[in-house]
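Enquirer: In numbering that gives the first Met the number 0, the protein residues as written are 0 to 162. Idealized CB from N, CA, C, for every residue including glycine.
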Amino acid sequence: MKKHIIPAITVLTVFAADAITKKIAMSSLGFYTTFDYLGGFLRFDLTYNKGGVFGIMQGHQLFFLIVSIIVLIIMIFYYFYEKNMPQLFRIAMALIIGGAAGNIFDRLISGRPGVVDFISIGVDGVYRWPTFNIADMLIIAGALLLVIVVYREDKKIPLDNEE
């Protein structure tokens, strides 16, 4: 049980950080109000994503809500299923679970037109990454960390044909 304390705190911290930054973005940024930093490379710009990742399939909020909940449940089961993984695995999963919960929560708020996104990076006229939020950032960080952990753990297990 002790091994789940840090991941639980991580989930709650990610969820809270996401909710707080979204609230700040909604109160500080209105439509057509942006703040540019680093010559416009980093931009804070309020948008509402009514679709999925990278804004695909706009307007299908219910579909993405259902899919997100199913994926979240699968991730939670996977977290508890993998009993012999290192603490880094649990932290990676906590980042993903906390971020997913934050975006699901956004979709459940009545009257909110979509998931709140407000961070934009890129160079206008060249390439600008789709606008995202803290939850998205931490989901990606958790996924990359998960790939690294699983890769490292797989390397520890000798293959059958290497005897």
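Let me know if Phe-14 comes out buried or exposed under the rule of 16 or more other beta-carbons within 10 Å of its beta-carbon.
Expert: With 16 or more Cβ atoms within 10 Å of its Cβ, Phe-14 is classed as buried.
Enquirer: I believe Ala-91 touches Val-10 by the beta-carbon criterion, under 8 Å. Please report the beta-carbon distance rounded to the nearest angstrom.
Expert: Between Val-10 and Ala-91 the Cβ distance is about 12 Å, and since that is not below 8 Å, they are no contact.
Enquirer: Exposed or buried, which one is Thr-130 when buried takes at least 16 other CB atoms within 10 Å?
Expert: Classification for Thr-130: buried.
Enquirer: Would you call the CB atoms of Asn-132 and Thr-20 closer than 9 Å?
Expert: The answer is yes: Cβ separation under 9 Å.
Enquirer: Among Tyr-150, Thr-46, Tyr-77, which residue has its Cα nearest to the Cα of Ser-26?
Expert: For the residues Tyr-150, Thr-46, Tyr-77, the minimum Cα distance to Ser-26 belongs to Thr-46.
Enquirer: Just list the beta strand (DSSP E) runs in the stretch 92-142, keeping only unbroken ones of 3 residues or longer that don't cross its boundaries, in chain order.
Expert: Those beta strand (DSSP E) runs which fall completely within the stretch 92-142 and span 3+ residues are 114-122.
Enquirer: In angstroms, rounded to a whole number, what distance separates the CA positions of Asp-153 and Ile-75?
Expert: Those two C-alpha atoms are separated by around 21 Å.
Enquirer: Can you check which of these residues, Met-136, Ser-119, Gln-86, Tyr-31, is closest to Leu-41 by C-alpha distance?
Expert: With distances taken between Cα atoms, Leu-41 lies closest to Ser-119.
Enquirer: To the nearest angstrom, how far is the alpha carbon of Leu-94 from that of Ile-138?
Expert: Leu-94 and Ile-138: Cα-Cα distance of roughly 6 Å.
Enquirer: Determine the closest residue to Lys-155 out of Pro-85, Ile-69, Leu-61, Leu-28, with distance taken between C-alpha atoms.
Expert: Residue Pro-85 is the option with its Cα nearest to Lys-155.
Enquirer: Under three-state DSSP, which class holds Phe-34?
Expert: Reduced to three states, the DSSP call for Phe-34 is strand.
Enquirer: Output the distance between the C-alpha atoms of Gly-165 and Tyr-126, rounded to the nearest integer angstrom.
Expert: Nothing about residue 165 can be reported from this structure: the residues present for the chain run from 0 to 162 only.
Enquirer: Can you tell me the Cα-Cα spacing of Val-81 and Lys-22, whole angstroms?
Expert: The sequence given here has Glu at residue 81, not Val. Straight-line Cα distance between these residues: approximately 35 Å.
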